Every structure is written in C-alpha cells, then in structure tokens.
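First up is the structure itself, then whatever we jot down about it.
Protein chains in written order, with this note's numbering: chain A, -17 to 128; chain B, 5 to 338.
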C-alpha cells in the first residue's frame, strides 16, 4: 500500500520536474540557424576543395613545380605553365582540379613548398552535372580578384 | 434566449467558425510552441511569425485528391472524418463562454457534452475498421480500450463536481463558483466542496481529457513508431485534415469543460477584477489550459499501451472513486 502511494507521488513529482525543464527551455534563445537566410562561418580546419593562394600583385604564388600533381593519389590535378620571354620563373597557365575524384586528403597542400595551395571554405556545392565539379582554380582566383 | 431559426443559424456558423479557427491556429501554436521548447524558430516564413501557415496548409490539403483504398468500406471511410469533427462542433452549442454568450443553455449540459464526446471514439473505430489496413485496425482496437478506460474516471470525477454543485447545468455550475479564486472547485477552501482532494480530482480530470483527446503522451492510437499513423494511415487530403481539426476541436472542448467544472468558468479570479468581461477570463483560462496541453505533449514521451491502461484502472479509477465517496460523505455531514 505504501509503495503504491509513494510510486504515484514520485511519478507525479517527476512529471512536474520534466515540465519545469521544458518550461525553462521555452524561454531560451534558439540555437538553430535558418540556413539559406543565415549561415555560420566555417571553422579553420574545414577542408573544402583546394584553392590557389595569391601574392600581393594578385598573381598565384605557384611556380609550376608540379609537386602537387605528383602527390595527388587520385590524379585530380592537371596543371601547366610556361616561361614568358625574359622572366626567370614559370607562370601558371592552367590549374584544373577534378573534384569528382578528390578525397580531400590534403597531400597536395602538404607537398606545396611555395605556400601556393590551401583549402577553401566552400561547402555550398550541389549540382546535377558532373562538369560543374571540375574547377579551373586559376579562373576562380581571377574571379575572386575582380 | 428564444430558439428561432435565425439565432440557430448564427450559433451554428459561429460554432463552426470558432472551431475551425481554433483548429487552424492551434496547429500553428503547437508548431511554434514545440519549436520553442526544442529551441528552433518554428514556422516563420509565411507571413509575420508564420501566421499564414495554417491557411496555406489548408489550401494544400484541400487541393489534394482523396484516395479510397481498394476493398475499403466506402461509406464508413468517408463518414469517419466527419464524425471526428461534428461531436466537437455540436458540443459548442451548450458551452457558456460568459453569462450571456451561450448558444443554447440546457439543464443537462454536462450529460450532452459527454454523450457527444463518447462519439469521438466511434470515429476512430470507423476509420480503423473501414480502412482495410492492419495498422489502422490495431489503432482502433487501442482507441476503444483507451476510451473505455479513461471515460470511467472522467465521468466519476464529473459526477463528483455535479454532486457538489447539485446541477448538471453548466451555467449553474459556473455560477456556484463565483466570488474569487478560492471559490473555484479546484480549491477546497471557500467553495461548496470543502473537499481537500479537489486538486487531485482536477489532475485526474485533466489527465483523462488528455487521454480522451488522444493527445501525447496518450496518443497510442496514432503511435507512428508502431502503427505508421494509426487510424488515419489511409487518409489523405481533407479527410486527414478533418481528423486533425477534430483533434484540436476536441482539445478546445476538453479545456472548456475543465475550465467550467474546476476553474470557475467566466468568473474573475479576484472580486475587484470583475469589471473585465467574463468572456475574457473564460478564454484566458481556456488558452492557458490549451498551452498546457501543448507543453505536456512536447515534454513527455509516449506511454505504452499497458502503461496507459494500468494508469487508468489501477490509479485513476480507484482515486476518483474514493474521492466520489469522500465527497458524498462530506455533503452528508456538512
């Protein structure tokens, strides 16, 4: 008999405790982000697809050594450069990243000795066509500088 | 008030309008409330604070095709959602919102509302039976056992209140609770009851209202983790919409009854606040109770079917029976 009433009593108390918790939660600010209208800044260690780093003149730091191309285990990177007349260093002419095969391992960024490659913070990537994921990084750099 | 054709029509239109408006905007309130408790914003895109969400949902539901599953009992299948909605609307006829705002007061108002409320269970049985779907069938079996289990303590508690008031007239029950907050039936101090167990009766009645309206944590009838969507598995379009509206209209009726029987109806909580119209106090109490319904739904997980039946048969019925006898004794003594 005593256990019967104590069970009812403790059960009832626990219900009110539960309701007090949800009551407190009701007045707390929301924690979600209404995604298309507002976005969070990505954290420092986020790995998007790779991106070229530019120097002060807005030109890529890349010297076309080709180490990233060799380091890539999936062969995503195709780059080419040429040496203009009278210049000492090679200049990058194309840098194609085939993101469909990239696994974001970071070997290319690690292998770069000239601080020319980094991860971007790009995460809004969605498309129905495969070609949209073959990025011309040089073009993206130019567009960024416009 | 004399019963003429004109005020019958006006009353019906107002009752349906009130029920439909409440059903539509309680869905909105429910979604916003749930979102707040879960710390999300809730529907906030359509209109200010998402206030245009219910009409848009309604348009979407009405634009859909009503499919009837093969082998279903067509008449019952179509009748069931209507049957879910109409007892709730009928019950509005006798609910007094204030001293003057009542469509038709009758001296057996309590009886009438419970008669119609018990038809709510029938719509679930019809829906489950006629759908020709095993999940819907199981749901209606549960709905019946639930309705039987929870109508008993609810009615016993109501009888307790009726015994205290000596009347089944809803207006008379409210009038006897006038004075102040301490005269209400929920508090035993100054009112007619002098019964210290009345707060418990209130809790029993409120719990039974939750169970009768098939609300969480007692929504075993539509336990989506076990029964897809229960009795309305096969309903789409406005059939589903009517079930949904019926559920909310029943919540309104349940809260109205709780307000009338225990919270003093349209009476102001303190005598000097009597200058504010009664309908304000009635609606305030009504919506506070409905907010509690929503609050409870988003706090507790669903019970099990045997937990639900145990609660009724082992706890609510003995306690309400005891309170009935106790009240009868007190009435005899004092």
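Quick reminder that beta carbons are idealized off the backbone N, C-alpha and C, glycines included.
Just so you know, these numbers come straight off a predicted model, no measurement behind them.
Does any CB atom of chain A fall closer than 8 Å to the CB of residue i?
i: residue 209 (chain B); result: no
i: residue 319 (chain B); result: yes
Taking 8 Å as the CB-CB limit, is residue i close to chain B?
i: residue 1 (chain A); result: yes
i: residue -16 (chain A); result: no
i: residue 13 (chain A); result: yes
i: residue 8 (chain A); result: yes
i: residue -10 (chain A); result: yes
i: residue 4 (chain A); result: yes
i: residue 16 (chain A); result: yes
Would you kindly report the start and end of the unbroken alpha helix (DSSP H) that includes residue i?
i: residue 263 (chain B); result: 241 to 266
i: residue 330 (chain B); result: 321 to 337
i: residue 211 (chain B); result: 202 to 216
i: residue 99 (chain A); result: Taken as a continuous stretch (DSSP letters only), residue 99 (chain A) belongs to no alpha helix (DSSP H), being part of the beta strand (DSSP E) at 99 to 101.
i: residue 116 (chain A); result: From DSSP, residue 116 (chain A) is part of no alpha helix (DSSP H) but of the beta strand (DSSP E) over 116 to 118.
i: residue 309 (chain B); result: 309 to 314
i: residue 228 (chain B); result: 228 to 231
Pick out whichever of the options has its Cα sitting closest to the Cα of residue i.
i: residue 43 (chain A); options: A:-13, A:-10, A:82, A:77; result: A:77
i: residue 202 (chain B); options: B:177, B:41, B:188, B:304; result: B:188
i: residue 112 (chain A); options: A:127, A:82, A:12; result: A:82
i: residue 80 (chain B); options: B:183, B:296, B:238; result: B:238
i: residue 49 (chain A); options: A:116, A:92, A:8, A:125; result: A:92
i: residue 185 (chain B); options: B:116, B:86, B:208, B:266; result: B:266
i: residue 331 (chain B); options: B:226, B:165, B:242; result: B:165
i: residue 325 (chain B); options: B:114, B:158, B:45, B:30; result: B:158
i: residue 246 (chain B); options: B:37, B:114, B:124; result: B:124
i: residue 313 (chain B); options: B:224, B:327, B:296; result: B:224
i: residue 85 (chain A); options: A:7, A:65, A:31, A:-10; result: A:31
i: residue 255 (chain B); options: B:295, B:112, B:180, B:12; result: B:295
i: residue 103 (chain B); options: B:315, B:178, B:37; result: B:178
i: residue 53 (chain B); options: B:115, B:63, B:35; result: B:35
i: residue 64 (chain A); options: A:-11, A:51, A:57, A:46; result: A:46
i: residue 61 (chain A); options: A:101, A:74, A:67; result: A:74
i: residue 28 (chain A); options: A:21, A:69, A:101; result: A:101
i: residue 86 (chain B); options: B:250, B:318, B:286; result: B:250
i: residue 106 (chain A); options: A:8, A:17, A:-12, A:-3; result: A:17
i: residue 215 (chain B); options: B:242, B:229, B:262, B:155; result: B:155
i: residue 20 (chain B); options: B:94, B:68, B:50; result: B:94
i: residue 45 (chain B); options: A:13, A:-4, A:99, A:34; result: A:13
i: residue 55 (chain B); options: B:204, B:134, B:26, B:8; result: B:26
i: residue 231 (chain B); options: B:89, B:337, B:41, B:143; result: B:143
i: residue 59 (chain B); options: B:37, B:75, B:69, B:24; result: B:24
i: residue 122 (chain A); options: A:36, A:57, A:9, A:20; result: A:36
Between which two residues does the beta strand (DSSP E) harbouring residue i extend?
i: residue 5 (chain A); result: Premise fails: residue 5 (chain A) lies in the alpha helix (DSSP H), -16 to 8, not in any beta strand (DSSP E).
i: residue 33 (chain A); result: 32 to 34
i: residue 287 (chain B); result: Here residue 287 (chain B) belongs to no beta strand (DSSP E); instead the alpha helix (DSSP H) covers 282 to 301.
i: residue 190 (chain B); result: Neither: residue 190 (chain B) is in no beta strand (DSSP E) and is coded neither H nor E.
Notebook entry, point to check: Where are the alpha helix (DSSP H) runs, 4 residues long or more, that stay fully inside the stretch 26 to 63 of chain B, in chain order?
Noted result: none
Next item on the list: May I ask you to list, following chain order, the residues of the stretch 147 to 168 of chain B that have a beta carbon less than 9 Å from some beta carbon of chain A?
Entry: none
Item checked: Within 8 Å of chain A by C-beta, residues of the stretch 284 to 307 of chain B in sequence order -> 299, 300, 302, 303, 304
Checklist line | Complete runs of the beta strand (DSSP E) confined to the stretch 87 to 175 of chain B [at least 3 residues] | finding: none
Notebook entry, point to check: What runs of the beta strand (DSSP E), each 3 residues or longer, lie entirely inside the stretch 41 to 92 of chain A?
Noted result: 59 to 64, 73 to 80
Next item on the list: Give, in chain order, every residue of the stretch 40 to 73 of chain B whose Cβ lies closer than 7 Å to some Cβ of chain A.
Entry: 40, 41, 43, 44, 45
Note to self: At a CB distance below 8 Å, what residues from the stretch 92 to 109 of chain A approach chain B? Give them in sequence order.
What the structure shows: none
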